[in-house]
Amino acid sequence: MHVGNVRTAVFNWLLARGRGGTFILRIEDTDVERSTRDSESAILRDLRWMGLNWDEGPDVGGPYGPYRQSERLHLYESYATQLLNAGAAYHCFCSTAQLETERRDAVAAGRPALYAGTCRRLTREQAQSRIDAGERPAIRFRVPQGRDVVFGDIVRGAIKVSTDVIGDPVIVRADGHPAYNFAVVVDDALMEITHVIRGEDHISNTPRQVLLYEALGFPLPAFAHLALVMGPDHSPLSKRHGATSVAEFRSKGYLPEALVNYLALIGWSPRGSAHGRSAGDDAKEILPIDEMARRFALEDVGHSAGVFDEEKLAWVNRHYLKAADPVRLAELSVPYFNQAGIPMSPNAQGLEFLASAMAMASASVDRLNEVPARLALLFDYNVEAALGDPHVRDEMNGDGARAVVTALADALAQSPRLDRERFRAAANQVKARTGQKGKSLFHPIRLALTGRAEGPELDLAVPAIDRGAELPADAGIPKIVGCRERATAFVAALER
RNA sequence: GGCGGUAUCGUCUAGGGGUCAGGACACGUGGUUCUCAGCCACGGGACCGGGGUUCGAAUCCCCGUACCGCUACCA
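Per this note's numbering: the first sequence = residues 1092 to 1587.
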């Protein structure tokens, strides 16, 4: 599912949930080519992951089923027949080639490119005899000429279109499948849909549909057309802009609540939220989905297209990462460790350990896929690689740094596994022995204990390393070398 | 080509006849007595153009321009 489409789903969901409405999932699978089992299950999977639960749908059923258009063919057929009998629709035998020629001619002549009406005046007898002769016609809706169709749009206000620029649309294809514009009208009416909220690419379809509602004697729902989501170059968001599908954002390690929150912010802001001279609590853009539902109003939705900004998505994601349950984060991170070449399948104890180490990653990372890099210092401690770095070598050539590391190894030699207090005590001991402080004290310690010049706070990292070193082999976590062993190995390597 | 839609910092937006045009992301600077990230503070940065209405227009109206959509027996 494309994020632009889920955003539409988000707005629908928000309205339904905020007003005690019913959120319905209907599968529009009248295009046999494009509609597959996979595409349907992918939609369900993405929607579920996003937390956009539905009250009625193909999987849960409901009083207005079935919820797949492919299972409602008899309904469309019956309404098409009704239209045919009323003279509001007619059979069309025109070939695609003929249609194409007519369209090109119309454009060349500066006329609107619409159906020429060739079969409009065929009598029912003429049509019937051609059908009997084996021709397979489509069914077109007879658009009344010379009047304006006006419909209200909650987002944009009244929209008026002359029927003179609307060609007679095909409502049933030659293969018997209904066309989109027809199927949705029948379904929306039968399913008693009150609000049709969709992308603005459908606004030109709406007049045709309004005409169909009229011809069928159905009451009109409320319409709301949402501006589209664009890429940074202001063209429709597509692959070349990077990730575009829910599945891709999921696999990059965005949290669903963050994606939902961010998507809702494109084209909508809570009334008065960003308003005023100073930012108060109301100015918060971080809003849990239920809170958004409570505040959501279609009237507050913007009119113009919005550019999808992954930087801002990442910012929103960070907020949710910080607030998330560490155990959940630990579970979600496991696949990323495996991808990153840190194979693991933690049991409960391993997970608990991972969760305890999560704080040093979740507060400083944009996405879950960055967690392994942030926590790699736990698992791959490599003295040779560290000393192979010219900068590290350089720093360790200083007498001060050398003394710090040696003193550290000494201090840790007798020490039990470090927790935060013991680490501080050890650091103070080194400080007293060497006279080094601040950066020239802690940076060599960091190098010796993590093998890296940068990383999480040592107060967090050091205890995590030693907790990991105590883990039994069956915890499902790669073996972790403790700080004592690291310091010793580092000094030894330095002396070589 | 025809028809429809849209136009406030780079981006998402608030506002709307008289405002220092506000906030958020991003960016820059400084702080956080180990680093990166984070966090905090401060800073630069916008009303598409032209007419009209009005004492006064970014705001209302018209035209233009740009962008987007539709113009399918796709949805």
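Glycine included, each C-beta is placed from N, C-alpha and C at the ideal position.
Exercise for the section: Within its chain, find whatever has a CB closer than 8 angstroms to the CB of P1569; leave out the 5 residues flanking it on each side and keep chain order. Expected result: Locating residue 1569 in the first sequence gives position 478, where the first residue counts as 1. Spatial neighbours of P1569 in its own chain (CB-CB distance under 8 angstroms, excluding positions within 5 residues in sequence) are listed in chain order as I1433, P1434, M1435 and F1470.
Exercise for the section: Thinking V1240 and L1302 are a contact (beta carbons under 8 angstroms), I'd like their distance in whole angstroms, please. Expected result: By 1-based counting over the first sequence, the position of residue 1240 is 149. By 1-based counting over the first sequence, the position of residue 1302 is 211. Indeed they touch by this definition, with Cβ atoms about 6 angstroms apart.
Practice task
Round the Cβ separation of E1147 and I1115 to the nearest angstrom and send it over; I've been treating them as touching at under 8 angstroms.
Solution key: What you label residue 1147 is simply residue 56 of the first sequence in a count that begins at 1. What you label residue 1115 is simply residue 24 of the first sequence in a count that begins at 1. At roughly 5 angstroms, the Cβ-Cβ gap stays under 8 angstroms, so E1147 and I1115 are in contact.
Problem - Neighbour-count burial assignment, V1495, 16 or more Cβ in a 10 Å radius - result: Taking the first sequence and counting its residues from 1, the one referred to as residue 1495 is at position 404. V1495 comes out buried.
Exercise for the section: To the nearest angstrom, report how far apart W1359 and G1393 are at their CA atoms. Expected result: As a working note, residue 1359 is residue 268 in the first sequence. As a working note, residue 1393 is residue 302 in the first sequence. Looking at the two C-alpha atoms, the distance is approximately 6 angstroms.
Problem - DSSP three-state assignment for V1276, whether helix, strand or coil - result: Position 185 of the first sequence holds residue 1276. In the structure shown, V1276 sits in a helix (DSSP, three-state: H, G or I).
Exercise for the section: In the DSSP assignment, find the unbroken beta strand (DSSP E) run with L1317 in it and report its ends. Expected result: The sequence position of residue 1317 within the first sequence is 226, counting from 1. A1313 to L1317 is the extent of the beta strand (DSSP E) around L1317.
Exercise for the section: Take the Cβ of G1546 as the centre, count every other Cβ of all protein chains shown within 10 Å, and call the residue buried at 16 or more, exposed below. Expected result: On the first sequence, residue 1546 is found 455 positions in, with the first residue counted as 1. Taking all protein chains in view, the Cβ of G1546 is crowded by 16 or more other Cβ atoms within 10 Å, so the residue is classified as buried.
Exercise for the section: Would you identify the three-state DSSP class for H1293, choosing helix, strand or coil? Expected result: For the purposes of this step, residue 1293 is taken as the residue at position 202 of the first sequence. Under the three-state reduction of DSSP, H1293 is assigned to helix.
Handout entry: Endpoints, the alpha helix (DSSP H) within which K1088 is located
Key = It is not possible to answer for residue 1088, since the shown part of the chain is limited to 1092 through 1587.
Problem - Delimiting residues of the beta strand (DSSP E) encompassing Y1167 - result: As a working note, residue 1167 is residue 76 in the first sequence. In the DSSP assignment, Y1167 falls outside any beta strand (DSSP E) and lies within the alpha helix (DSSP H) extending over L1164 to N1176.
Practice task
Compute the Euclidean distance between the alpha carbons of H1410 and I1377, then round it to the nearest angstrom.
Solution key: Working through the first sequence from its first residue, we reach residue 1410 at position 319. Working through the first sequence from its first residue, we reach residue 1377 at position 286. For the pair H1410 and I1377, the Cα-to-Cα distance works out to about 8 angstroms.
Practice task
Grab me the residues of R1575's own chain with a C-beta within less than 6 angstroms of its C-beta, minus the 5 sequence neighbours each way, in chain order.
Solution key: One-based indexing of the first sequence puts residue 1575 at position 484. Answer for R1575: L1503, listed in chain order.
Practice task
Whole angstroms is fine: what's the gap from V1320's alpha carbon to F1102's?
Solution key: The residue labelled residue 1320 in the question sits at position 229 within the first sequence. The residue labelled residue 1102 in the question sits at position 11 within the first sequence. Approximately 13 angstroms, taken between the alpha carbons.
Exercise for the section: Quick one: residues in its chain with C-beta nearer than 7 angstroms to the C-beta of V1418, no 5 flanking neighbours on either side, listed in chain order? Expected result: Your numbering for residue 1418 matches position 327 in the first sequence. Counting only Cβ-Cβ distances below 7 angstroms, and skipping sequence neighbours, we find L1442 and A1446.
Exercise for the section: Look at the Cβ atom of D1550, then the Cβ atom of F1581, and state whether they are nearer than 8 angstroms. Expected result: As a working note, residue 1550 is residue 459 in the first sequence. As a working note, residue 1581 is residue 490 in the first sequence. Their beta carbons are not under 8 angstroms apart, which means D1550 does not touch F1581 by this criterion.
Exercise for the section: Check the C-beta distance from L1532 over to A1578 and give it rounded, since I have them as a contact under 8 angstroms. Expected result: Numbered from 1 along the first sequence, position 441 holds the residue referred to as residue 1532. Numbered from 1 along the first sequence, position 487 holds the residue referred to as residue 1578. Between A1578 and L1532 the Cβ distance is about 14 angstroms, and since that is not below 8 angstroms, they are no contact.
Handout entry: DSSP-derived helix/strand/coil call for C1574
Key = The residue you call residue 1574 lines up with position 483 of the first sequence. For C1574, the three-state secondary structure derived from DSSP is helix.
Problem - Three-way DSSP call (helix, strand, coil) for Y1181 in this model - result: Sequence index remark: in the first sequence, residue 1181 carries index 90 (1-based). Three-state result, Y1181: strand.
Exercise for the section: From the DSSP output, in three-state form, read off S1336 for me. Expected result: Reading the first sequence from its first residue, position 245 is the one you call residue 1336. S1336: strand per DSSP, three-state reduction.
Exercise for the section: Can you tell me which of the three DSSP states H1482 falls into? Expected result: Here residue 1482 corresponds to residue number 391 of the first sequence, with the count starting at 1. Helix.
Practice task
Taking all protein chains shown into account, decide if T1288 is buried (16 or more other Cβ within 10 angstroms of its Cβ) or exposed.
Solution key: Position 197 of the first sequence holds residue 1288. At residue 1288 the sequence reads Ile, which differs from the Thr that was named. Buried, because 16 or more other Cβ atoms sit within 10 Å of the Cβ of I1288.
Handout entry: the stretch 1480-1494 / the stretch 1522-1532 touching (three or more Cβ pairs under 8 angstroms)
Key = The count of Cβ pairs closer than 8 angstroms, one atom from the stretch 1480-1494 and one from the stretch 1522-1532, reaches three, so the stretches are in contact.
Practice task
Just tell me which of Y1170, R1362, Q1189 and G1225 has its CA closest to the CA of P1269.
Solution key: Within the first sequence, the letter at position 178 stands for residue 1269. Ranking Y1170, R1362, Q1189 and G1225 by Cα distance to P1269 puts Y1170 first.
Problem - D1480 versus L1135: straight-line alpha-carbon distance, rounded - result: Taking the first residue of the first sequence as 1, we reach residue 1480 at position 389. Taking the first residue of the first sequence as 1, we reach residue 1135 at position 44. Those two C-alpha atoms are separated by around 49 angstroms.
Practice task
Kindly list the residues whose CB is nearer than 7 angstroms to the CB of N1408, restricted to its own chain and excluding five residues on each side of it in sequence; keep chain order.
Solution key: Start at 1 with the first residue of the first sequence, and residue 1408 comes out as number 317. Counting only Cβ-Cβ distances below 7 angstroms, and skipping sequence neighbours, we find Y1345, L1346, A1349, D1457 and R1458.
Practice task
Grab me the residues of R1238's own chain with a C-beta within less than 7 angstroms of its C-beta, minus the 5 sequence neighbours each way, in chain order.
Solution key: For the purposes of this step, residue 1238 is taken as residue 147 along the first sequence, with counting starting at 1. Here R1238 has T1254 as same chain residues with Cβ atoms under 7 angstroms from its own Cβ, once five neighbours each way along the sequence are excluded.
Exercise for the section: Please look up how many angstroms separate the CB atoms of L1317 and Y1155, rounded, as I've assumed it's under 8 angstroms. Expected result: Indexing the first sequence from 1 puts residue 1317 at position 226. Indexing the first sequence from 1 puts residue 1155 at position 64. Wrong, their Cβ atoms sit about 24 angstroms apart, outside the cutoff.
Handout entry: Where A1270 falls: helix, strand or coil (DSSP)
Key = For the purposes of this step, residue 1270 is identified with residue 179 of the first sequence, where counting begins at 1. Shown here, A1270 sits in coil according to DSSP, grouped into three states, outside any helix or strand.
Exercise for the section: With a 10 Å radius around its C-beta and 16 neighbouring C-beta atoms as the bar for buried, classify V1425 as buried or exposed. Expected result: Start at 1 with the first residue of the first sequence, and residue 1425 comes out as number 334. By the neighbour-count rule (16 or more Cβ atoms within 10 Å), V1425 is buried.
Exercise for the section: Label H1182 either buried or exposed according to how many other C-beta atoms from any shown protein chain fall within 10 Å of its C-beta, with 16 as the threshold for buried. Expected result: Indexing the first sequence from 1 puts residue 1182 at position 91. Buried is the call here.
Problem - Status (buried if at least 16 other CB within 10 Å, exposed otherwise) for G1397 - result: Indexing the first sequence from 1 puts residue 1397 at position 306. Residue environment: G1397 is assigned as buried (16 or more neighbouring CB atoms within 10 Å of its CB, all protein chains considered).
Handout entry: Three-state secondary structure assigned by DSSP to H1066
Key = Nothing can be reported for residue 1066, as the shown portion of the chain is limited to 1092 through 1587.
Problem - Length of the line joining the Cα atoms of S1220 and T1121 - result: Residue 1220 sits at position 129 when you count from the first residue of the first sequence. Residue 1121 sits at position 30 when you count from the first residue of the first sequence. Their Cα atoms are separated by approximately 28 angstroms.
Practice task
Would you check if the distance between the CB atom of G1112 and the CB atom of L1106 is smaller than 8 angstroms?
Solution key: Within the first sequence, residue 1112 is the residue found at index 21, counting from 1. Within the first sequence, residue 1106 is the residue found at index 15, counting from 1. Contact flag set, yes.
Handout entry: Test item: CB-CB of F1314 and D1244 under 8 angstroms
Key = The residue labelled residue 1314 in the question sits at position 223 within the first sequence. The residue labelled residue 1244 in the question sits at position 153 within the first sequence. The answer is yes: Cβ separation under 8 angstroms.
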